[in-house]
Amino acid sequence: MKTLIKNAVCLIILLTAVIVNGSGQEYVKLERSRNLQLNNTSAGQEISINVTDEYNYLRIKVEGQFTMGSLLIELIDPSGNISRNFTIEAGGVNTSDIRADRAGAVSGQMQKAFRNPAEGYWQVRITPRKATGSLRIYSLQIYNPRTDLIELEQIEKDTDEHIG
Amino acid sequence: MNISVRAPISKKSIAALVPFLLVSVSTSLAQHKITVDIETDTTIWAPVAYLSLIPDFNYLNTISYNHIIEQSGISKEGLYEFSTEYLPEEEHLYRVHFSKKGDPPASLILGGRDHNHFFLFAERNSNISVTVKSGNRFINDLIFQGYSPNKALQGINTMLEALDSIDQNGNIVNREYAIEAIYEDIKTYADTCSFPLPSLYALYNINYAKDYDNNPAFYRRYLHKWRSQKSLYFREFRSSIRGEIKPSWLIVIIAGSVMLSIILTMYLYSRLKKKNNKNPLSELTIQERKVFNLLKQGKSNKEIAEECSVSVSTIKSHVNSIYSKLDVRSRRDILDIEY
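So the sequences go chain by chain: A and B.
Quick note: the first sequence uses the numbering used here, first residue 57, plus one each step.
Quick note: the second sequence uses the numbering used here, first residue -11, plus one each step.
Here it is, written out as structure tokens:
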């Protein structure tokens, strides 16, 4: 009897390990990143991210730090709707309360995740007004047949740690 | 003359007044503040919270030093505190945000696990406490106490979180319907909310400019309901809605130009018509008119000269002048003129 229980426990452990290990290999991910440097003469532009049905998860992250001017960033879905936006206004009033070593620098970040995202070209529209600084646009697409939320979150977390 | 007035206050009445005086003194000394009780991981986040005044709802997603009005370090009790005694008397929207270590103080993160800010309504001398629901960490499921409009804000935020969750979890087929349903819920909330600013905040979060095209009557009714609201938030909203209703300046200019052209054309036409209707003989002199009548009778230059007792060359000159004024070329043409 003891041997039977022992064998059963071993079998369960083995099966669990196989499933966990196997599920870890099931997904495919595509990461893309683009860095932009803007100065006060930079014109507006649109960065396209092509989303196909090969992937069932999309995360877009835009982050920037600016020392001058202002910048409007909009994430637009393939239907033309603005999904998220933010504005950075650098410079302005620097009160004595705010640390002088970072005088005027302003940073902004937006991110949005979609399960089964709409197919087509997603746009990140950048509208600078005499903005000086840097911008990073990052997209992550994952294909995971199980679309298990916990698993996707874990992949995201790993990627987060990877991209810092 | 000396007049002395003695207050008719007995010792008993003074004793009765003491508790009231103590209460009023303690009330005036009590600090009015926003207390934020949020656990921040100080290995990631700087132990400072910033308070920004959001001047109108178009700046909900804007980060600027111009909006930051106060900062607070963490107290011994692990709280962040902002005095509300210097805030504007009227109700305004404020944002509290945290910055990551190494990031500038003016730093905004929208979405994701690092979402770094929340909004609240306050007015001068409000007492507000913000805490996180037990079991949650950082800015997630906040509880507002002490200023009623923030309860409404909390309700709206719950619906907005549901919107985000549709993007993350919904499937592509029913996503649009689900989003539309939540937009309708938020709009209904805005319509029935008894607090003006939270109500307007709700509309700004559902892209009302786009919704206006589908349901302008709702927005006209909404504006009428809150017509007494004079805050900058409502003035900005009114001007944006009126912008939708008013025809554009281009249309006004084009319509004006067309009207002006029509009036000018009508004026010129009437003048021309008047000119055409004018008797052409009125331009002839008395002598020319006499010559014209004789020409109509078929008389020659010589006969006319004899009748008028002038030379033939004078008559020739009159005849030429008549031809020119009546725009004719021959005696036959003169015979055809009717008057």
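Note that CB positions come from ideal geometry on N, CA and C, so glycine has one too.
Checklist entry - Considering only residues of the same chain and omitting the five flanking positions on each side of Pro356 of chain B, which have a CB-CB separation below 8 Å? => result The structure shown has nothing for residue 356 of chain B, since chain B only spans -11 to 327.
Next on the checklist: According to DSSP, is Asn91 of chain A part of a helix, a strand, or is it coil?
Outcome noted: The residue you call residue 91 of chain A lines up with position 35 of the first sequence. Note: Asn91 of chain A maps to strand in three-state DSSP.
Checklist entry - So is Glu377 of chain B buried or exposed if we call it buried at 16+ other beta carbons inside 10 Å? => result Chain B is shown from -11 up to 327; residue 377 of chain B falls before or after that span and cannot be answered.
Checklist entry - For Lys117 of chain A, which of A:Glu110, A:Ile129 and A:Asp109 has the nearest alpha-carbon? => result On the first sequence, position 61 is the one that residue 117 of chain A refers to. Of the listed residues, the one whose Cα sits closest to Lys117 of chain A is A:Ile129.
Item to check | Limits of the unbroken beta strand (DSSP E) element including Pro35 of chain B | outcome: In the second sequence, the residue the question calls residue 35 of chain B occupies position 47. Note, Pro35 of chain B: beta strand (DSSP E), Trp33 to Ile42.
Next on the checklist: Helix, strand or coil, according to DSSP, for Val316 of chain B in the structure here?
Outcome noted: Residue mapping note: residue 316 of chain B aligns to position 328 of the second sequence, counting from 1. If DSSP states are grouped into helix, strand and coil, Val316 of chain B belongs with coil.
Checklist entry - Nearest-angstrom Cα distance between Pro93 of chain B and Tyr38 of chain B? => result For this step, residue 93 of chain B is matched to residue 105 along the second sequence. For this step, residue 38 of chain B is matched to residue 50 along the second sequence. So the two alpha carbons sit approximately 8 Å from each other.
Checklist entry - Glu130 of chain A by DSSP, collapsed to three states: which one? => result Along the first sequence, one-based indexing puts residue 130 of chain A at 74. Correct three-state label for Glu130 of chain A: strand.
Checklist entry - Any idea what DSSP makes of Phe132 of chain B, helix, strand or coil? => result Residue numbering aside, residue 132 of chain B sits at position 144 when the second sequence is read from its first letter. Three-state DSSP puts Phe132 of chain B in a strand.
Next on the checklist: Quick check: is the beta carbon of Ala94 of chain B nearer than 7 Å to any beta carbon in chain A?
Outcome noted: By 1-based counting over the second sequence, the position of residue 94 of chain B is 106. At least one CB of chain A lies nearer than 7 Å to the CB of Ala94 of chain B.
Item to check | Span separating the alpha-carbon of Tyr135 of chain B from that of Ile26 of chain B | outcome: Translated into the one-based positions of the second sequence, residue 135 of chain B becomes position 147. Translated into the one-based positions of the second sequence, residue 26 of chain B becomes position 38. Cα to Cα, Tyr135 of chain B sits roughly 18 Å from Ile26 of chain B.
Next on the checklist: Once DSSP output is grouped into helix, strand and coil, what is the label at Lys175 of chain B?
Outcome noted: The sequence position of residue 175 of chain B within the second sequence is 187, counting from 1. Three-state result, Lys175 of chain B: helix.
Checklist entry - Which chain A residues sit within Cβ distance under 7 Å of Asp91 of chain B? => result Within the second sequence, residue 91 of chain B is the residue found at index 103, counting from 1. Within chain A, the residues near Asp91 of chain B are Ser163.
Checklist entry - Along chain A, which residues have their Cβ under 9 Å away from the Cβ of Ser49 of chain B? => result Residue 49 of chain B sits at position 61 when you count from the first residue of the second sequence. For the record, residue 49 of chain B in the displayed sequence is Asn; it is not Ser. Simply Arg140, Asn141, Phe142, Thr143, Gly164 and Met166.
Checklist entry - Straight-line CA distance for Lys261 of chain B to Ile229 of chain B? => result Residue mapping note: residue 261 of chain B aligns to position 273 of the second sequence, counting from 1. Residue mapping note: residue 229 of chain B aligns to position 241 of the second sequence, counting from 1. C-alpha separation (whole angstroms): 49 Å.
Checklist entry - The alpha helix (DSSP H) with Ile292 of chain B in it runs from where to where? => result Here residue 292 of chain B corresponds to residue number 304 of the second sequence, with the count starting at 1. Per DSSP, Ile292 of chain B belongs to the alpha helix (DSSP H) from Asn289 to Cys296.
Next on the checklist: Can you confirm whether Arg171 of chain A, when its beta carbon is compared against all beta carbons of chain B, has any partner nearer than 7 Å?
Outcome noted: Working through the first sequence from its first residue, we reach residue 171 of chain A at position 115. Interface residue, yes.
Checklist entry - Considering only residues of the same chain and omitting the five flanking positions on each side of Asn106 of chain A, which have a CB-CB separation below 7 Å? => result Here residue 106 of chain A refers to the residue found at position 50 of the first sequence. So the list reads Tyr177, once near-sequence residues are dropped.
Item to check | Environment of Asp315 of chain B [buried if 16+ CB atoms lie within 10 Å] | outcome: Numbered from its first residue, the second sequence carries residue 315 of chain B at position 327. Exposed.
Checklist entry - According to the neighbour-count rule (16 or more other Cβ atoms, all chains shown, within 10 Å of its Cβ), is Tyr165 of chain B buried or exposed? => result Taking the first residue of the second sequence as 1, we reach residue 165 of chain B at position 177. Tyr165 of chain B should be labelled exposed.
Next on the checklist: Suppose the cutoff is 6 Å on Cβ atoms and the five residues either side in sequence are ignored; what does the same chain contact list for Asp102 of chain B look like?
Outcome noted: Counting from one through the second sequence, the residue named residue 102 of chain B turns up at place 114. There are no such residues.
Next on the checklist: With a threshold of 7 Å between beta-carbons, can Ile154 of chain B be considered close to chain A, or not?
Outcome noted: Position 166 of the second sequence, counting from 1, holds the residue named residue 154 of chain B. No, because no Cβ of chain A sits closer than 7 Å to the Cβ of Ile154 of chain B.
Checklist entry - With a cut-off of 7 Å, does the C-beta of Leu98 of chain B fall near any C-beta of chain A? => result Taking the first residue of the second sequence as position 1, residue 98 of chain B is located at position 110. Closer than 7 Å: yes.
Next on the checklist: So if DSSP puts Phe122 of chain A in a beta bridge, which residue, or which two residues, is it bridged to?
Outcome noted: Taking the first residue of the first sequence as position 1, residue 122 of chain A is located at position 66. Beta-bridge pairing links Phe122 of chain A to A:Val162 and A:Gly189.
Checklist entry - Under a three-way DSSP split, which group does Ile62 of chain B fall into? => result For the purposes of this step, residue 62 of chain B is identified with residue 74 of the second sequence, where counting begins at 1. In the three-state scheme derived from DSSP, where H, G and I count as helix and E and B as strand, Ile62 of chain B is classed as coil.
Checklist entry - Taking the continuous alpha helix (DSSP H) assigned at Gln275 of chain B, which residues delimit it? => result On the second sequence, residue 275 of chain B is found 287 positions in, with the first residue counted as 1. From DSSP, the alpha helix (DSSP H) with Gln275 of chain B extends over Ile274 to Lys284.
Checklist entry - Taking C-alpha atoms, which residue in A:Val162, A:Thr123 and A:Asn141 lies nearest to Ile182 of chain A? => result Locating residue 182 of chain A in the first sequence gives position 126, where the first residue counts as 1. It is A:Asn141 whose Cα lies nearest to the Cα of Ile182 of chain A.
Item to check | Contact under 7 Å by Cβ, Leu127 of chain A with Ser139 of chain A | outcome: Sequence index remark: in the first sequence, residue 127 of chain A carries index 71 (1-based). Sequence index remark: in the first sequence, residue 139 of chain A carries index 83 (1-based). Cβ atoms of Leu127 of chain A and Ser139 of chain A: not closer than 7 Å.
Next on the checklist: Buried or exposed, going by whether 16 or more other CB atoms sit within 10 Å of the CB of Glu168 of chain B?
Outcome noted: Counting from one through the second sequence, the residue named residue 168 of chain B turns up at place 180. By the 10 Å Cβ count, Glu168 of chain B comes out exposed.
Next on the checklist: On a Cα-Cα basis, can you pick out the residue from A:Pro134, A:Leu94, A:Glu87 and A:Gln197 that is closest to Met124 of chain A?
Outcome noted: The sequence position of residue 124 of chain A within the first sequence is 68, counting from 1. With respect to the C-alpha of Met124 of chain A, the residue from A:Pro134, A:Leu94, A:Glu87 and A:Gln197 having the closest C-alpha is A:Leu94.
Checklist entry - Can you tell me whether DSSP reads Gln337 of chain B as helix, strand or coil? => result Because residue 337 of chain B is not part of the residues shown, which for chain B are -11 to 327, the question remains open.
Next on the checklist: For Thr119 of chain B, list the residues DSSP reports as bridge partners.
Outcome noted: What you label residue 119 of chain B is simply residue 131 of the second sequence in a count that begins at 1. Beta-bridge pairing links Thr119 of chain B to B:Asp25 and B:Ile131.
Checklist entry - Could you give the residue range of the beta strand (DSSP E) that holds Lys88 of chain B? => result Numbered from 1 along the second sequence, position 100 holds the residue referred to as residue 88 of chain B. From DSSP, the beta strand (DSSP E) with Lys88 of chain B extends over His80 to Lys88.
Checklist entry - Would the beta-carbon of Leu114 of chain A fall within 7 Å of that of Pro173 of chain A? => result In the first sequence, residue 114 of chain A corresponds to position 58, counting from 1. In the first sequence, residue 173 of chain A corresponds to position 117, counting from 1. Yes, they are a contact pair.
Checklist entry - Are Asn104 of chain B and Phe132 of chain B touching if we call contact CB-CB under 7 Å? => result As a first step, residue 104 of chain B must be located in the second sequence, where it is residue number 116. As a first step, residue 132 of chain B must be located in the second sequence, where it is residue number 144. The answer is no: Cβ separation not under 7 Å.
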